[in-house]
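> Going by this note's numbering, the sequence shown opens with residue 171, and the numbers climb by one from there. We treat Cβ as the ideally placed atom computed from N, Cα and C, and that holds for glycine. Bear in mind that the values here come from a model prediction, so they are computed numbers and not experimental data. This is the structure I want to talk about, given as structure tokens.
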Amino acid sequence: MPLSHDEVRSIRENAVCLHGPEAVHRALDRMAEAITEELGESLPVVLCVLTGGIIPTGHILTRLSFPLETDYLHASRYRGETSGEDVHWLSKPGTSLEGRTVLVIDDILDEGHTLAQVLEYCSDAGASRVYSAVLIEKQHDRRVPGVVADFTGLQVEDRYVFGFGMDYRNYLRNLNGIYALGESAA
């Protein structure tokens, strides 16, 4: 059920800013530099994980000056909710990954279920090397064993976060910063 305008406004007004625009953009610069160092000579396929990865991917791509291909995939656990169980595949990439270097870009590494399945899919599709980049890494001990991001922008404590691609019930992805729910919304 969609939220009302007043509900979304209240969530936004009571949100706590964890990382402002300047910190996010500095993190994106650092990520792009590291990605360029590692992948700049490989003609990679860059896969955006929809929907949360749209904003981080767009910003990272504009910072990469080497040749690459782009595509997307749509895999989600949350589907508009604040929690979820199984990963649902809505779309797989149209570009062949066979023998390619692949960079998967997503918004957040939380427990790692989605990222684990996406990386496994890329390997099974024949990618020669698979890397992952996430704007946000959540700090807790619930991570799927062995799931780590190769390139990480910022870390956040174990709170529900949104902005810069991450959503609160399908809203607020467009915020220029990383926010957590305020105490009144938790």
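Could you spell out where the beta strand (DSSP E) holding THR322 opens and where it closes?
321-326
> Quick one: what does DSSP say VAL257 is sitting in, helix, strand or coil?
coil
> Have a look at HIS189 and LEU220 and give me their C-alpha separation to the nearest angstrom.
Roughly 22 Å between the two C-alpha positions.
> Count the other CB atoms, across all protein chains shown, that sit within 10 Å of the CB of THR271; report buried if there are 16 or more and exposed otherwise.
So THR271 counts as buried.
> Taking 9 Å as the threshold (C-beta atoms), are LEU273 and TRP259 in contact?
no
> For my contact list, GLY360 and ARG343 are in at a C-beta cut-off of 8 Å; report their separation, rounded to the angstrom.
Residue 360 is absent from the model: the chain starts at 171 and stops at 356.
> Can you tell me the Cα-Cα spacing of GLY352 and SER302, whole angstroms?
30 Å
> Taking CYS218 as the reference, give the member of VAL304, ARG339, ILE348 and TYR341 with the closest Cα.
VAL304
> Starting from SER302, follow the beta strand (DSSP E) in both directions and report where the run begins and ends.
Residues 299-308.
> Where does the unbroken beta strand (DSSP E) through VAL194 begin, and where does it stop?
Taken as a continuous stretch (DSSP letters only), VAL194 belongs to no beta strand (DSSP E), being part of the alpha helix (DSSP H) at 191-209.
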